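In what follows, a structure is listed as C-alpha cells, so that the remarks can point back to it.
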Amino acid sequence: MTEQITAEQRIVILQDVIPTMMEWYRRTARDLPWRERPEAYRVWISEIMLQQTRIEAVKPYYDRFLKQFPGVRELAEAPEEQVLKCWEGLGYYSRARNLQKAAILCMENYGGELPASYEELKALPGIGNYTAGAVASIAYRIPVPAVDGNVLRVLSRVFADSRDISRQSIKTETEKLLLSVIPQDAPGAFNEAIMEIGETICIPNGFPLCEQCPLAARCLARERGEQELYPVKAPKKERRKEEKTILVLLCQGMAAVRKRPAKGLLAGMYELPWMSGYLSQEEIADCLQLSNASAGEVLSSISYMGAAKHIFSHVEWHMKGYMIQTEAPIPGDWEYVPIPELKEKYPIPNAFSAYTEGLL
Numbered sequence: 086m087t088e089q090i091t092a093e094q095r096i097v098i099l100q101d102v103i104p105t106m107m108e109w110y111r112r113t114a115r116d117l118p119w120r121e122r123p124e125a126y127r128v129w130i131s132e133i134m135l136q137q138t139r140i141e142a143v144k145p146y147y148d149r150f151l152k153q154f155p156g157v158r159e160l161a162e163a164p165e166e167q168v169l170k171c172w173e174g175l176g177y178y179s180r181a182r183n184l185q186k187a188a189i190l191c192m193e194n195y196g197g198e199l200p201a202s203y204e205e206l207k208a209l210p211g212i213g214n215y216t217a218g219a220v221a222s223i224a225y226r227i228p229v230p231a232v233d234g235n236v237l238r239v240l241s242r243v244f245a246d247s248r249d250i251s252r253q254s255i256k257t258e259t260e261k262l263l264l265s266v267i268p269q270d271a272p273g274a275f276n277e278a279i280m281e282i283g284e285t286i287c288i289p290n291g292f293p294l295c296e297q298c299p300l301a302a303r304c305l306a307r308e309r310g311e312q313e314l315y316p317v318k319a320p321k322k323e324r325r326k327e328e329k330t331i332l333v334l335l336c337q338g339m340a341a342v343r344k345r346p347a348k349g350l351l352a353g354m355y356e357l358p359w360m361s362g363y364l365s366q367e368e369i370a371d372c373l374q375l376s377n378a379s380a381g382e383v384l385s386s387i388s389y390m391g392a393a394k395h396i397f398s399h400v401e402w403h404m405k406g407y408m409i410q411t412e413a414p415i416p417g418d419w420e421y422v423p424i425p426e427l428k429e430k431y432p433i434p435n436a437f438s439a440y441t442e443g444l445l
C-alpha cells in the first residue's frame with residue numbers, strides 16, 4: 086500500500102468516471118421490484134429491508150409487506166404484532182418496529198407522506214444518513230449521497246484507500262466527497278449506480294470482477310494489482326455465546342409460547358420456553374415439576390429434538406431442544422396457543438426455526 090491520494094485527486098477521478106458509470110447503469114441496471122415505481126414509501130421499505138439482508142431474500146418479503154401495508158396509513162394503523170408477523174424471518178426486528186414508529190410520525194406531522202427533506206427524513210426513527218440519502222435522492226431527486234458498505238468498498242478500491250472503512254470519520258468524509266460531485270439532475274441514479282457496482286462487480290467476498298467494471302480505467306487498486314488488499318476493516322469483536330435448552334411444550338393441539346420483553350433482543354416477539362444452559366431430561370422434568378407421581382401422570386412423552394445454533398450480530402445461541410407432550414398444560418410464564426393460530430398470528434423469530442418447523 087502506498088501513500089493516500091488527496092481529496093482533490095479523488096474528485097478528479099470521480100468526475101472522470103461519472104459519465105461512464107451513469108451510462109453503464111442505464112444499460113445494465115437490474116430489474117428490481119422497488120425500482121418499478123420509485124416512490125418514497127416503496128423506496129423506504131426496500132432500503133430498510135435490505136439492511137443486513139440479501140436482495141433475493143428480501144424480494145418475497147417486500148411484495149408481501151406492500152400487499153398488507155400499501156402505504157404509510159396502513160402501516161401506522163396496523164397492530165404491532167401484525168407488522169412483526171409480516172416481518173417474521175427477516176430478522177433485526179427493531180427495523181420493523183421503527184418502520185411503524187416512523188409511519189405514525191408521518192401521519193401526525195406530514196399528512197401521511199414521508200417528508201421531502203433529507204434532514205427531516207433523518208429525524209424519523211430507524212432512518213440514518215444512508216437511508217435518508219437513498220429516499221431523498223431516488224424518490225425526491227434531492228442531490229444528497231447515500232453511503233453504505235457497498236459504496237465504501239468500491240471507493241476504497243478506486244482510491245486504494247488503506248484507512249479503516251468502519252470508522253465514522255471515513256463515512257463522513259466520503260459523504261462530503263460525493264456531495265461535491267453528485268449529478269444534480271440524476272442523484273438517485275448516481276447513488277444506485279455505485280451501489281450496483283458494489284453488489285454485482287466490486288463484490289465483498291471473492292475477487293472483484295474488474296473486467297466488467299465501468300470504473301476500471303481509473304481504479305488504483307486494479308492498476309496496482311492490489312484489489313484484494315481493500316477494503317481495510319477492523320476485525321469484529323467475538324460474539325458472546327449462550328447455551329439454552331429449548332422446550333416445545335405441546336398439549337392437545339396447543340403449543341406454549343411467551344412474549345419477550347418490550348426492549349432488548351427480539352423485543353415484543355413470541356418465543357418458545359427455554360432455560361439457560363444445557364439441561365438433561367431429568368433436570369427439565371425437575372424444573373417443570375414433572376418428577377412427582379401426580380404430575381408425572383400428566384406427562385405423555387419427552388424426546389430430544391437435536392442441537393441448533395442461531396447467530397445474531399453480537400451473540401450466538403447454542404441450543405438443544407426437547408419436545409414434551411402432556412395431557413394437561415404445564416403452568417409457567419407462558420401461554421398455550423392453538424397451533425393454527427400460532428402460525429397465523431404470532432410472530433416467532435427464526436432463531437427457533439429448528440424447533441418450530443414441524444409446528445409451523
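Numbering (the working numbering), first residue to last: 86 to 445.
Glycine included, C-beta positions come from ideal geometry on N, C-alpha and C.
Since the structure is predicted, the reported quantities are computational estimates derived from the model, not experimental observations.
Nearest residue (CA-CA) to residue i, options the options
{"i": "N290", "options": "V102, K170, S386, E313", "result": "E313"}
{"i": "W119", "options": "E368, P358, K261, V128", "result": "V128"}
{"i": "E121", "options": "D148, W109, L209, E165", "result": "D148"}
{"i": "E328", "options": "A319, K348, S265, W402", "result": "W402"}
{"i": "A114", "options": "P299, L427, K326, K405", "result": "P299"}
{"i": "M134", "options": "V342, M408, E173", "result": "E173"}
{"i": "P164", "options": "Y177, Y195, R182", "result": "R182"}
{"i": "N235", "options": "A221, R226, I250, A245", "result": "I250"}
{"i": "L364", "options": "I331, M339, Y355", "result": "I331"}
{"i": "S438", "options": "I396, L375, A301", "result": "I396"}
{"i": "E193", "options": "I387, S386, E162, N214", "result": "E162"}
{"i": "I447", "options": "M339, K318, Y215", "result": "Shown here, the chain extends from 86 to 445; a query on residue 447 therefore has no answer."}
{"i": "Y355", "options": "I96, W109, L169, L99", "result": "L169"}
{"i": "Y407", "options": "A278, E368, K256, I282", "result": "E368"}
{"i": "T285", "options": "L444, E141, Y440", "result": "E141"}
{"i": "A302", "options": "F292, R111, V102", "result": "V102"}
For residue i, the first and last residue of its enclosing alpha helix (DSSP H)
{"i": "W119", "result": "118–121"}
{"i": "P145", "result": "140–153"}
{"i": "S131", "result": "125–135"}
{"i": "P104", "result": "92–113"}
{"i": "S247", "result": "It is not in any alpha helix (DSSP H) - S247 carries neither H nor E in the DSSP assignment."}
{"i": "S438", "result": "438–441"}
{"i": "R158", "result": "157–162"}
{"i": "Q374", "result": "No alpha helix (DSSP H) contains Q374, which DSSP labels as neither H nor E."}
{"i": "L169", "result": "165–172"}
Separation of residue j from residue i, as counted between CA atoms
{"i": "P316", "j": "K394", "result": "30 angstroms"}
{"i": "N435", "j": "E311", "result": "39 angstroms"}
{"i": "E124", "j": "I223", "result": "8 angstroms"}
{"i": "P425", "j": "Q185", "result": "26 angstroms"}
{"i": "Q337", "j": "G218", "result": "52 angstroms"}
{"i": "Q167", "j": "Q410", "result": "29 angstroms"}
{"i": "R242", "j": "C304", "result": "7 angstroms"}
{"i": "V239", "j": "L160", "result": "35 angstroms"}
{"i": "M94", "j": "R180", "result": "The sequence shown places Gln at residue 94, rather than the Met named in the question. In a straight line, the C-alpha of Q94 is about 38 angstroms away from that of R180."}
{"i": "A208", "j": "A187", "result": "9 angstroms"}
{"i": "K152", "j": "R158", "result": "13 angstroms"}
{"i": "P346", "j": "A352", "result": "5 angstroms"}
{"i": "T216", "j": "Q374", "result": "51 angstroms"}
{"i": "K344", "j": "M360", "result": "15 angstroms"}
{"i": "L117", "j": "A278", "result": "14 angstroms"}
{"i": "E412", "j": "Y146", "result": "38 angstroms"}
{"i": "P104", "j": "L262", "result": "17 angstroms"}
Three-state secondary structure assigned by DSSP to residue i
{"i": "S265", "result": "coil"}
{"i": "S379", "result": "Residue placement at S379 cannot be trusted, given a pLDDT of 47 that sits under 50; the coordinates are not used to answer."}
{"i": "G283", "result": "helix"}
{"i": "A413", "result": "coil"}
{"i": "R345", "result": "coil"}
{"i": "H403", "result": "strand"}
Residue range of the beta strand (DSSP E) that includes residue i
{"i": "E420", "result": "420–423"}
{"i": "A446", "result": "Only positions 86 to 445 of the chain appear in the structure, and residue 446 is not among them; the question remains open."}
(request) Could I get the ranges of all uninterrupted alpha helix (DSSP H) runs contained in the stretch 182–237, with 4 residues as the minimum, in chain order? (result) 203–207, 214–225
(message) Threshold first: 3 residues or longer. Then list the beta strand (DSSP E) segments lying entirely within the stretch 287–366, N to C.
(response) Note on the stretch 287–366: whole beta strand (DSSP E) runs with a minimum of 3 residues are 325–336, 339–344, 359–361, in chain order.
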